[in-house]
Structure formats: structure tokens, C-alpha cells
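Take the sequence shown: its letters are residues 63 to 171, numbered as in my numbering. Glycine residues also receive a C-beta, built at the ideal position from the N, C-alpha and C atoms.
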Amino acid sequence: MPVLNTCSKLHVAIIIDLFYFILSLIEFHPKLLGLTGTNEEVHTAAKAYQVYYSPASVDDDNDYLVDHTIIMYLINPEGDFVDYYGQNKTADQVHAGISNQMIKYKHRK
63 MPVLNTCSKL HVAIIIDLFY FILSLIEFHP KLLGLTGTNE EVHTAAKAYQ VYYSPASVDD
123 DNDYLVDHTI IMYLINPEGD FVDYYGQNKT ADQVHAGISN QMIKYKHRK
């Protein structure tokens, strides 16, 4: 199951944030699970997955940017970490990596 985790902090424009978050879920994959949480929960998750995020200040229009790690983790059906793919990987490289890991997993059984 694909999972998207957002590190956006809650602020005045939360309805707009949720709208874009939901649109992102729909656009990426119909089975995508979206996760977020309190600031403490987001911090704990970021630490566990060794990623960083640093929100910028909100401007007069309530626009803001969140500087963050962009990475995809491949987790096996047992919930174990298998591999990761950063934004430096092409779609073909990600596809090949996932395909290879699926073959390894199948032969492991």
C-alpha cells in the first residue's frame, strides 16, 4: 500500500493544506494512504525514518514552503525496510529496483 506522510505544520490555512493533501493522494494513486499528525508525532516519524523537515515562515498570503527530504521507502509485506529511492533516481531506476526486490522476496519464500 502506498503511503504519503506530510510534515506540514498546522496553521491558519489548514483547510487549504488538507485540500492539497487530499488532491495529492488522489493524483498519486487511488490506494495511497495519507498520514500526518501533531508536531510531536511528525518529529518522531521524521527521526525514525532519518529524514528532515524545516518549515519556512508563512507570508502575508498564508503561503509557505516546507524544506524536507524527498524519498520513497520500499517496505516488504512483513513491514520491514527493504530499500529507498531518492529524487535522484529516474522512474526506470525505481522500477528496476522495486522489480529486483520483488524477485528477491519471492525467491526468499
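Same chain, Cβ closer than 6 angstroms to residue i, five either side skipped, listed in chain order
i	result
tyrosine 114	Thr131
aspartate 122	none
alanine 158	none
Option nearest residue i by Cα separation, candidates the options
i	options	result
asparagine 150	Pro139, Ala158, Ile133, Ser161	Ile133
proline 139	Pro92, Val120, Glu89, Arg170	Arg170
Local Cβ density within 10 Å of residue i, reported as buried at 16 or more and exposed below that
i	result
valine 104	buried
CB of residue i within 7 angstroms of CB of residue j, strictly
i	j	result
valine 128	leucine 136	no
Rounded distance between the beta-carbons of residue j and residue i, thought under 8 angstroms
i	j	result
valine 156	tyrosine 147	5 angstroms
Own chain residues within Cβ distance below 7 angstroms of residue i, not counting five before or after
i	result
isoleucine 160	Leu136
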